[in-house]
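Chains as they are written, first to last, in this note's numbering: chain A, 2 to 140; chain B, 777 to 1176; chain C, 36 to 192. Even glycine gets a Cβ: it sits at the ideal position worked out from N, Cα and C. Since this is a predicted model, take the numbers as computed values, not measurements.
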Amino acid sequence: MLNKLARWSRIKSPWILHLNSGACNACDIEIIAALTPRFDVERFGILLKATPRHADVIVASGPVTRQMRDRIIRIYEQVPDPKFVIAVGACAMSGCVYRGAYNMLGGIDQVIPVNMYVPGCPARPDAIIDGVVKLLGKL
Amino acid sequence: MSFQIPIGPQHPALKEPISLRMTVEGEVITDVDIRLGYNHRGVEKLAEEKTWIQNIYLVERICGICSHSHSTCYVQGVENLMELTPPKRGMYIRYLVSELERIHSHLLWLGVAGHEAGFDSFFMYTWRDREVVMDLLEMISGNRVHYAINTIGGVRRDLDAGQIAKIREGLVVLRKRSEYYFHIGANEPSFVGRIAGVGILPKEKVIALCAVGPTARASGWARDIRKEDPYAVYDEVDFEVATADSCDVLGRVVVRVKELLESYKICEQLLDKLPPGDIAVKAPRKAKPGEVVSRYEAPRGENIHYIKSNGTDKPERLKVRAPTLANYPATVEMLRKGFIADIPLIFAAIDPCICCAERSVTLVSAASGDESVVRMSELRRRAIARHHNAPPKRNAVWPF
Amino acid sequence: MTDAELIEKLKADLGDKVVEIALPARRRLFLKVAPRDLVAVTTRLRDAYGFVFLSTISGVDNGEMFEIIYHFSTPETDLNLRAEIPKADPHVDSITPVIPGAILYERELQDMFGLVIDGIPDARPLVLPDDWPAGNYPLRKDWKHARPLEVIPGGKS
Chain A
2 MLNKLARWSR
12 IKSPWILHLN
22 SGACNACDIE
32 IIAALTPRFD
42 VERFGILLKA
52 TPRHADVIVA
62 SGPVTRQMRD
72 RIIRIYEQVP
82 DPKFVIAVGA
92 CAMSGCVYRG
102 AYNMLGGIDQ
112 VIPVNMYVPG
122 CPARPDAIID
132 GVVKLLGKL
Chain B
777 MSFQIPIGPQ
787 HPALKEPISL
797 RMTVEGEVIT
807 DVDIRLGYNH
817 RGVEKLAEEK
827 TWIQNIYLVE
837 RICGICSHSH
847 STCYVQGVEN
857 LMELTPPKRG
867 MYIRYLVSEL
877 ERIHSHLLWL
887 GVAGHEAGFD
897 SFFMYTWRDR
907 EVVMDLLEMI
917 SGNRVHYAIN
927 TIGGVRRDLD
937 AGQIAKIREG
947 LVVLRKRSEY
957 YFHIGANEPS
967 FVGRIAGVGI
977 LPKEKVIALC
987 AVGPTARASG
997 WARDIRKEDP
1007 YAVYDEVDFE
1017 VATADSCDVL
1027 GRVVVRVKEL
1037 LESYKICEQL
1047 LDKLPPGDIA
1057 VKAPRKAKPG
1067 EVVSRYEAPR
1077 GENIHYIKSN
1087 GTDKPERLKV
1097 RAPTLANYPA
1107 TVEMLRKGFI
1117 ADIPLIFAAI
1127 DPCICCAERS
1137 VTLVSAASGD
1147 ESVVRMSELR
1157 RRAIARHHNA
1167 PPKRNAVWPF
Chain C
36 MTDAELIEKL
46 KADLGDKVVE
56 IALPARRRLF
66 LKVAPRDLVA
76 VTTRLRDAYG
86 FVFLSTISGV
96 DNGEMFEIIY
106 HFSTPETDLN
116 LRAEIPKADP
126 HVDSITPVIP
136 GAILYERELQ
146 DMFGLVIDGI
156 PDARPLVLPD
166 DWPAGNYPLR
176 KDWKHARPLE
186 VIPGGKS
């Protein structure tokens, strides 16, 4: 019974954590633009939280640099179960233009398991909202 | 007794990973250590393996907010190396997009500054207005960010009469809304009181530490590459360099607001004088051996690219110095003697574009060497609470 | 003063410290000096000619030699000061006593090329990660790296 309630609230109002692992900022600005009055995800109950311990969904952007690798794993472990990861942008999917650089390990899925990929360089806010909603539909 | 506080690479205040370790005594910061490298992507090494044209797209993605400035700085340099002169119409379109990018970047920054100062409504208003500019840019180039409108020898897309009319309408709307912001200061003494006197950077320090952009211009150091080293069309339009004298975050807000007004003026002049003609000339595949230094005034300061060619179709060396890196020593200076609670505001005031560098703050206690991690959101909450409890600063004056 | 007048004044002032001076384009002076004269020339440029603003320091790997270029500017002109350092003995003096803002650029040169900058106040690495193996200098021409193997989750690698 409590499980059903928890599951309903998670689907109806997911709290997201924004993780930037070495990106050029374009996807991050689009994620924040999704909160602003034009796209307004807060009407769906989606809140941007400050700390991993309060979040349900990690919205990750940027290719993984060597320096960030351990930090990403640490943050992933701090998010309580059940957790979901959305990889936003071409960098988080596979590294975009930085593939093959000496400091890069590739996309986010080289480090943590990913549930949903949102392509684009940068991904439009509409696409990001679409990705989050589709992920919730699968739960 | 001092304290060390780290603010980790992931935190909500600034959207990029960077690490600052601060040594604190009580509430006052005594020393700051910046750790870059979370965002180091090896672009300079990658650039040596790609051709001149492929590098335009690589260099553009050094930064998302000022992507056109990196791309334009690079293309200017390569056009010098190849001894090409792009046609006038192409240049006008290129610098029109530059000014639109400056407008969008300053509106973004005003929103971030408002958010850091606790003024969230202002954040929402400016980002709503930013959408007007994003729509114009999408109409001109096809994408909201990373416009990819530059090519070696000119631009890739032309403007027709319908688009020009829409740009003019958009500028009228933006100008009206921006003028509303200029009067906010007079109606919101708490906002002005919050940002006045924070993050002082005297002019001698600006000169010694080689700071750039609005951070330096807010201390009276009037250097703007568009006036000194006028490339292309900037000597044909009339505008002024915005400066302020108060050396603090209020001065930086004032400088950026003035630059917004100047940018609207420049855009209108560029549209009025837009000449007919081609938009690009054909570029050769290989560049003659040589070297070139290309400088550009990005929204955050001076962007400099040094390009060396060895006669093939790939560059021999591409060196990029983005403006935020030049402001780091100045930031360290500003944070010293400041309060912990002001860290998010001071850091936001240099308009950091860390991807051009990463952000967490570690406060290190100088006496005991203890470390504690404080999230930026916690700092912001403390800052806003402290400001509510402090007596209001009545002597801060909004200059408009 | 114009660029040509500045060139004449510099030649007269610095005398035999000037190895080579060129003006390939308007507002772009390239002045070459020997590495041991760098600090003296920088001090003179700052005090007598007003070159207080350093944009950045570029390093180039030319095979046997490293070339370091200091990019200065004033509202009237830009001066690029060049020095060549042999790869076998890559030492150069720090100019932070003259221009304190040069510290980050010198740290980056140390990281990327393996130059040793004598007298630098803070020699920690700037941009490379903490677990970077020592002795690897990414921007040297002879440094190659193996691309890390990527695993495609749920698919063929």
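| Query | Result |
| --- | --- |
| Pair within 8 Å by beta-carbon distance, residue 122 (chain C) and residue 147 (chain C) | no |
| In DSSP terms, what residue 93 (chain C) is bridged to | C:104 |
| Same chain, Cβ closer than 8 Å to residue 1112 (chain B), five either side skipped, listed in chain order | 805, 806, 807, 808 |
| Under the three-state DSSP convention, the category residue 1144 (chain B) falls into | Here the model assigns residue 1144 (chain B) a pLDDT of 45, short of 50, so the residue's position is not dependable and the matter cannot be decided. |
| Proximity test, Cβ basis, 8 Å: residue 105 (chain A) and chain B | yes |
| With 16 other Cβ atoms within 10 Å as the buried cut-off, status of residue 119 (chain A) | buried |
| Anticipated Cβ contact below 8 Å, residue 1079 (chain B) with residue 1105 (chain B), distance rounded | Not a contact, Cβ separation roughly 18 Å. |
| Extent of the continuous alpha helix (DSSP H) to which residue 1110 (chain B) belongs | 1104 to 1111 |
| Cβ shell of residue 79 (chain C) (< 8 Å), same chain only, five flanking positions each side left out | 48, 49 |
| Straight-line gap, residue 181 (chain C) to residue 101 (chain A) (C-alpha atoms, nearest Å) | 9 Å |
| Start and end residues, beta strand (DSSP E) containing residue 1066 (chain B) | 1066 to 1074 |
| Which of helix, strand or coil DSSP assigns to residue 103 (chain A) | coil |
| Residue 43 (chain A) versus A:139, A:138, A:133, residue with shortest Cα-Cα distance | A:133 |
| Minimum length 4: unbroken alpha helix (DSSP H) runs contained in the segment 831 to 868 of chain B | 843 to 857 |
| Short Cβ contact (8 Å threshold) for residue 52 (chain A) with residue 22 (chain A) | no |
| Contact list for the segment 985 to 1006 of chain B against chain C, Cβ threshold 7 Å | 985, 986, 999, 1004, 1005 |
| Beta-ladder partner(s) of residue 52 (chain C), from DSSP | Answer is none; residue 52 (chain C) lacks a bridge partner. |
| Chain B contact for residue 236 (chain C) (CB, 8 Å cutoff) | In the structure displayed, chain C extends from 36 to 192; residue 236 (chain C) sits before or after that span and is not available. |
| Beta-bridge pairing of residue 60 (chain C) - partner residues as DSSP gives them | C:63 |
| Residues near residue 1026 (chain B) in its chain [Cβ-Cβ closer than 7 Å; skip 5 each side] | 968, 971, 972, 1172 |
| Residues near residue 1053 (chain B) by beta carbon distance below 7 Å, same chain, minus five either side | 863, 864, 865 |
| Backbone CA spacing between residue 64 (chain C) and residue 857 (chain B) [nearest angstrom] | 16 Å |
| Helix, strand or coil at residue 1177 (chain B) [DSSP, three-state] | The requested residue 1177 (chain B) does not occur in the structure, where chain B is confined to residues 777 to 1176. |
| Residue 980 (chain B) (DSSP reduced to helix, strand or coil) | helix |
| Proximity of residue 1055 (chain B) and residue 1023 (chain B) at Cβ, strictly below 8 Å | no |
| CA-to-CA distance, residue 143 (chain C) to residue 92 (chain C), given in whole angstroms | 9 Å |
| Check whether residue 974 (chain B) and residue 812 (chain B) have beta carbons under 8 Å apart | no |
| Classification of residue 54 (chain C) by the beta-carbon crowding that lies within 10 angstroms, buried from 16 upward | exposed |
| Same chain, Cβ closer than 8 Å to residue 39 (chain C), neighbours up to 5 away in sequence not counted | 58 |
| Any chain C beta carbon closer than 8 Å to residue 1041 (chain B) | no |
| Residues that residue 132 (chain A) contacts on chain B, provided the C-beta gap is smaller than 9 Å | Per Cβ cutoff of 9 Å: no residues; residue 132 (chain A) is ~17 Å from chain B at best. |
| Selection from B:944, B:942, B:918, B:922 that minimises the alpha carbon distance to residue 933 (chain B) | B:918 |
| Identity of the residues DSSP links to residue 19 (chain A) by a beta bridge | A:60 |
| Supposed contact pair residue 129 (chain A) and residue 35 (chain A) - C-beta distance, whole angstroms, cut 8 Å | 5 Å |
| Contact list for the segment 94 to 126 of chain A against chain B, Cβ threshold 8 Å | 97, 98, 99, 101, 102, 103, 104, 105, 122, 123, 125 |
| Coil, strand or helix - residue 150 (chain C) by DSSP | coil |
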